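Structure, as structure tokens:
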Ligand SMILES: NC(=O)c1ccc[n+]([C@@H]2O[C@H](COP(=O)([O-])OP(=O)(O)OC[C@H]3O[C@@H](n4cnc5c(N)ncnc54)[C@H](OP(=O)(O)O)[C@@H]3O)[C@@H](O)[C@H]2O)c1
């Protein structure tokens, strides 16, 4: 096999985006579709994925929607098969589905911790099991894990979420070594605070308690949040990196508001 054949990458690169019904996942589906990728959108609220898919199709892109619950192995397998049947071999997996329920760790029921880890860590693993063997076989592919800055700076009242994202990054780093030389690139995109539907279902008092604790521990030095598109574009950069380049990790934070000149140091 010549070097050219060895590093072949088709022009058509179908993508799976998990958690594509809102926030970062929906924005990523739109950005990758605009970059020319056929996109399979998965989430439990498939009617919301259909709205994103309609937007993609209205601008000439290709989109496929199928219900997906990453906490259910059968759902993952059915989704993966349906996506490949509709779009062709899946070349790119964006493992983005995530869940976060606030709570003080010594008070939270173990079943709730288990449910959160099941989506944030085992859910990502179920997707890997369904899609990465084919990539290894084809000697090319991209897996992007959407992590969180809590993976390196834990936040109070989000201990299960922090444990999950630390765990996810551990899994990703180990996988990067296991995949070395296979042609499949595993990458981490680590967002800072981003406007999305995450937290929308929290009790307002609980939400205020969490935000006050962030301030108390110096974790909210300014009030700016990112737009989901900023993370989607970082994901697009990772996926678009040419063969021969592997972007291992990108951390994206909201820029601070401009300070008054009088505050300059
Ligand atoms: N927002 C932030 O500040 C922030 C910061 C760092 C990292 N992140 C990470 O970014 C990712 C996306 O979150 P987001 O901020 O965009 O929040 P979001 O708007 O709440 O989106 C979460 C997505 O995950 C999906 N999801 C949840 N459980 C699922 C399951 N069991 N099976 C399939 N899909 C599931 C949801 O879809 P359905 O409910 O329709 O299933 C939804 O599409 C998450 O991994 C999150 O941890 C977010």
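In the numbering used here, the protein residues as written are 6 to 270.
Ideal Cβ placement from N, Cα and C applies to all residues, glycine included.
Keep in mind that this is a model prediction, so the values were computed, not measured.
(message) Since residue 44 and residue 22 should fall inside the 8 Å C-beta cutoff, what is the C-beta to C-beta distance between them, to a whole number of angstroms?
(response) 6 Å
(message) For residue 191 and residue 109, what's the separation of their Cα atoms in angstroms?
(response) 33 Å
(request) Please indicate yes or no: does the CB of residue 29 lie closer than 6 Å to some heavy atom of ligand 1? (result) yes
(request) Could you please give the first and the last residue of the uninterrupted alpha helix (DSSP H) stretch that includes residue 63? (result) 51-63
(message) Could you compute how far the alpha carbon of residue 178 sits from the alpha carbon of residue 253?
(response) 9 Å
(request) Answer with buried or exposed for residue 263, where buried requires no fewer than 16 other C-beta atoms within 10 angstroms of its C-beta. (result) exposed
(message) By DSSP's criteria, residue 77 is part of a beta bridge. Which residues make up the other side?
(response) Per DSSP, none; premise fails for residue 77.
(message) Measuring only the C-alpha atoms, how far is residue 89 from residue 41?
(response) 17 Å
(message) If you reduce the DSSP assignment to three classes, tell me which class residue 24 lands in.
(response) coil
(request) Tell me whether the beta-carbon of residue 194 lies closer than 7 Å to the beta-carbon of residue 255. (result) yes
(request) For the alpha helix (DSSP H) containing residue 174, list its first residue and its last residue. (result) 164-184
(message) Runs of 3 residues minimum, wholly inside the segment 188-251: which ones carry the beta strand (DSSP E) assignment?
(response) 189-196
(message) Quick check on this structure: which residue in 166, 160, 127, 20 has the alpha carbon closest to the alpha carbon of residue 350?
(response) With the chain running from 6 to 270 in the structure shown, residue 350 is simply not present.
(message) With H, G and I counted as helix, E and B as strand and the rest as coil, what does DSSP make of residue 100?
(response) strand
(message) Are there any heavy atoms of ligand 1 lying less than 6 Å away from the beta-carbon of residue 49, as far as the coordinates show?
(response) yes
(request) Kindly indicate which three-state DSSP category residue 45 falls into: helix, strand or coil? (result) strand
(request) Could you tell me which residues DSSP pairs with residue 150 in its beta bridges? (result) 100, 193
(message) Using a 10 Å radius around the Cβ and a threshold of 16 neighbouring Cβ atoms, would you call residue 71 buried or exposed?
(response) buried
(request) Answer yes if the segment 167-185 comes into contact with the segment 125-142, meaning at least three C-beta pairs across the two stretches below 8 Å, and no otherwise. (result) yes
(message) Is residue 132 a contact residue of ligand 1, with contact defined as CB to any heavy atom under 6 Å?
(response) no
(request) Confirm the yes/no value for this check: CB of residue 151, any heavy atom of ligand 1, distance under 6 Å. (result) yes
(message) Is residue 37 close to ligand 1? I mean its beta-carbon at under 6 Å from any heavy atom of the ligand.
(response) no
(request) Indicate the three-state DSSP secondary structure (helix, strand or coil) for residue 70 in the structure shown. (result) strand
(message) Is residue 173 near ligand 1 - that is, is its Cβ less than 6 Å away from at least one heavy atom of it?
(response) no
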